[in-house]
Every structure is written in structure tokens, then in C-alpha cells.
Amino acid sequence: MTEPLKDTALPRSPAELRQLAADLKRRNDWTAIAGLATHLPAGWGREWLGLADEVAFALSQLHRCIEARDVLLRAWELEPVHRTASSLAYIHYDALMQHKIRKPRLDDPEPYRKAFERWVGEALRLRSDSLPDRYRLAVYHASILTQKDVVAVREFREVLRLFETLPAADRNPAHRHFGKYVRAFYGLARSQYRLGRYTEARRAVFRCIRLDGEKHHVAPVFKFFLAAKVLVAQNQLADAERALRLAVDAPHRGDRDFVFALLADIALRQDRVDDAAQWIELHVRAHHRKPYVWRLLGDCAARRGQHDRALKMYKSALLKDHGGRHVTLLHIGQVHEAAGRVGEARRAYQEAAEFRRRKYLTEDADALEALAGLCERDGDVAAARAAYTRMSRLPAKAKHAEEQLARLTG
54 MTEPLKDTAL PRSPAELRQL AADLKRRNDW TAIAGLATHL PAGWGREWLG
104 LADEVAFALS QLHRCIEARD VLLRAWELEP VHRTASSLAY IHYDALMQHK
154 IRKPRLDDPE PYRKAFERWV GEALRLRSDS LPDRYRLAVY HASILTQKDV
204 VAVREFREVL RLFETLPAAD RNPAHRHFGK YVRAFYGLAR SQYRLGRYTE
254 ARRAVFRCIR LDGEKHHVAP VFKFFLAAKV LVAQNQLADA ERALRLAVDA
304 PHRGDRDFVF ALLADIALRQ DRVDDAAQWI ELHVRAHHRK PYVWRLLGDC
354 AARRGQHDRA LKMYKSALLK DHGGRHVTLL HIGQVHEAAG RVGEARRAYQ
404 EAAEFRRRKY LTEDADALEA LAGLCERDGD VAAARAAYTR MSRLPAKAKH
454 AEEQLARLTG
């Protein structure tokens, strides 16, 4: 990084300072450029816009959102153009993305969400064909907001349309927006997968893989993993395993626990219990195992009839699980029921259903159906009816639940 220039050595005119910023930018010396903010006079005017733009960009590269925002808001007052609105949208988008990975956590992300929505709206009002703004809006709905995949799909499709309507000579890997084009296919596939639209998801993720080649706009491990998840959903397990083996071999600096866990899940689906356990035991160290990995090991033990060992694995899964406890509790209930411990099974099913309702404000169909069946077999028809009544509130399960209620009533 460049040594800070002494104040006496710095040029003073806006044009000279902007040229200095441009020279520093070629060396990616963001700290030095950000330091030039001290030369913006109070109430600076239009002649300083060029330097302000460089300073704001440098501040955004350093994730200093508030300082960048203040510079850009002044620029917007002087000249309300697309570039400034887009930059204001970007710095709030970047802060939200950093918050998502806890680097750093925002005290309250809501003002940042509102600011992003305001400024990306301004940017698209001024330039409706702005592919970067449209792409960030798509990612915002897919990754920052929750349960907004329908909107995300629409926005990702618009990103693809914008790139595909460029002149034919520009639609190539050298184009500055080609990376966003490729990542839009990935984002589209992920949102389609979450919506259960597996055919569309498969088409999009395979297009992403074909287009990306060796460029790695999307890390190979994530491309192949998403492809495998889609293939598992379509019950094409052999193809999914091949995709995961490519993910295992792909360059990747982080852990691959999620890859080995899905390989274990596939093996379990194929009744290869020993293979499933080995994928985890040989590749994921015990102190690195996330709750869903412990749950898979519990499933392996349960499949072998090792009820006590399965419960031990499930209890390890519950220790740090804040989002999937209902799934583990369901499996605990199934183990207890298989072992003939009706009371313990009933409590586990009830806890699973209550956690899902409390955490996600929806009913857990699997837990309620298991609870209803257990209660009916145990002679508690009233409790079975109550469980089916709750289950009937889920549109996808309403017909089945109503049929069971009619059977119990009749």
C-alpha cells in the first residue's frame, strides 16, 4: 500500500486531487483515496464531484458505508444522476451482505433495507436497463429477504433478458457484465429449487455450469452442489453423486461439510448405511460437525437399529441447532416409537410441532401426522383429531387431513 502523502505535498485543486485519486486507484490503494475526503471543503460544490465519486467508491471498498453515504448524498443534492443513485444502492446492499455473513453485524439492518430499496428504485427509474442494479435487486430478494423467491425469479430473469438483448458482438465472456449473467443463472436456479420448481432449476444450474467453464464466476463447489441438490429432488441419485464427486475435487478454500453430508444423505436413500456414515466420519471432524451432520449420523445409527446411539447423535444435533430442531425432534420421536417408548415419542413429536409453529409461524405436517398416528394407535382419538385439525391448515395437506378427520369421526 502507498505511504500516505504529506499534506504539503498534496495538490490542492479539485482536478489535481482527482488525478491523484485516479493514480492511487490503479494501485487499489483505497485507504489513501479515502483519506482524500479531508480535502473536500465544507459545503463543496459541483467542481468537487469527480473527487467525491472516487472517495465514495474507495470508502465502499473499505465497507465504510456511513462515510460513503454522506459523500454520495451531497453528490445527489448537486447532481441527481443514475451513477450516484446506483452507488447509494450499492453501499447499502454491501452493508446488508456483510451483515448476512456477520462481517460486521449491523445494530439494525432495517434502515439499510429501506435505503437500498429507495436508491435501487431511483437507479432503475433513471436507467431501467441497468443490469448491475437489476442483479443486486434480484440477490436482495433471494438472499437478504426471506421467502421472496418468486420476486427473485422475476428479477433474475430480467437480468438474463437484459444481457441477452445486448448486441450479438457484446454477448461474450469478455463483457464486463458476463459474470453477473452467469451468476444470475445460479441465483435463478437456487430460487427455483427453493420454490420446488425442479425442472426449471435444473435447466438454469446446468446452463450456469456450461457458461461458466473455467472462469469460476460461481465457485465450482457451489455450482456442482446446487446441481446435486436439484438432482436429488428429482430422485436422480446416481447423477447427483457424480456432481458431488466433482464438488469434492473442485478447488475450494472453505470446508466441504455440506458436500459430504449430501453424499451421506444419498447413500442413506440408497440404503448404503455404512457408506453414509463413512462419508461423515472420515471427512468431517467431530468438533466441526454442524447439527444437520450429527442428525445424519443419528439417522445412520437408527437405520442400524442402534436406538441409544441414534439418540446420542440427535442430542448432539440439538446442542447448537437454532433452526432445524423440529426435524431432529421428529427423528427422536421416531426412534422412541420404534423402541416402544410411546410417551417419549409423543413428547418429541409435540415439541417438534411446537418449535416449528413458534419459530416459523407454520405447522409441521410431518410431526403432526406422526403425532396423530401415534395418538390414534395409543387410543387417544381426541388428540389425533386435534393434530389432524392443525394439519388441515396447511394447503398442501388439507385434503389428506380432512379425510383422516372424517375417518376418525365416522
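Per my numbering, the sequence shown starts with residue 54, numbered consecutively.
Note that the Cβ used here is the ideal one computed from N, Cα and C, for glycine as well.
All figures in this text were calculated on a predicted structure; none of them were measured in a lab.
At what residues does the alpha helix (DSSP H) containing Arg-268 begin and finish? This sequence places Lys at residue 268; Arg is not what is there. Taken as a continuous stretch (DSSP letters only), Lys-268 belongs to no alpha helix (DSSP H), as it is neither H nor E.
Hey, could you find the ends of the alpha helix (DSSP H) Arg-80 is sitting in? Taken as a continuous stretch (DSSP letters only), Arg-80 belongs to no alpha helix (DSSP H), as it is neither H nor E.
Report yes or no: do the segment 247-259 and the segment 223-236 share at least 3 C-beta pairs separated by less than 8 Å? no
DSSP-derived helix/strand/coil call for Ala-418: helix
So, helix, strand or coil for Ser-181, using DSSP? Correct three-state label for Ser-181: coil.
Are the CB atoms of Ala-111 and Ile-86 within a distance shorter than 8 Å? yes
Looking at the secondary structure, which residues open and close the alpha helix (DSSP H) in which Ser-139 lies? 135-153
Rank Asp-361, Asp-352 and Arg-306 by C-alpha distance to the C-alpha of Arg-325 and give the top, closest one. Asp-352
Does Gln-331 come out as helix, strand or coil in the three-state DSSP assignment? helix
Out of curiosity, what's the CA-to-CA distance linking Pro-474 and Leu-371? No information on residue 474 is available, as it lies outside the stretch 54 to 463 that the chain covers here.
In whole angstroms, what is the alpha-carbon distance linking Asp-202 and Phe-238? 14 Å
Host alpha helix (DSSP H) of Gln-323 (start-end): Element bounds for Gln-323: n/a, residue is neither H nor E.
Starting from the C-beta of Pro-273, find all residues in its chain whose C-beta is less than 6 Å away, skip the five residues before and the five after it, and write them out in chain order. Ala-303
If you compare alpha carbons, which of Glu-422, Gln-359, Thr-137 and Ile-197 is closest to Arg-166? For Arg-166, the closest of Glu-422, Gln-359, Thr-137 and Ile-197 by C-alpha to C-alpha distance is Ile-197.
Check Arg-446 in the structure and name its three-state DSSP category. Coil.
Less than 8 Å separating the beta-carbons of Glu-211 and Arg-187? yes
Do Leu-350 and Ala-330 come within 8 Å of each other at the CB atom, strictly closer than that value? Cβ distance < 8 Å, so Ala-330 and Leu-350 count as in contact.
What's the gap between the Cα of His-92 and the Cα of Ala-74? Linking His-92 to Ala-74 through their CA atoms gives a straight-line distance of about 12 Å.
Taking the alpha-carbon positions, what's the Leu-461 to Arg-438 distance? 7 Å
Does the segment 172-181 come within contact of the segment 134-143, defined as at least 3 CB pairs closer than 8 Å? yes
Output yes or no for whether 8 Å exceeds the beta carbon distance between Arg-309 and Val-301. In this structure, Val-301 lies closer than 8 Å to Arg-309 by Cβ.
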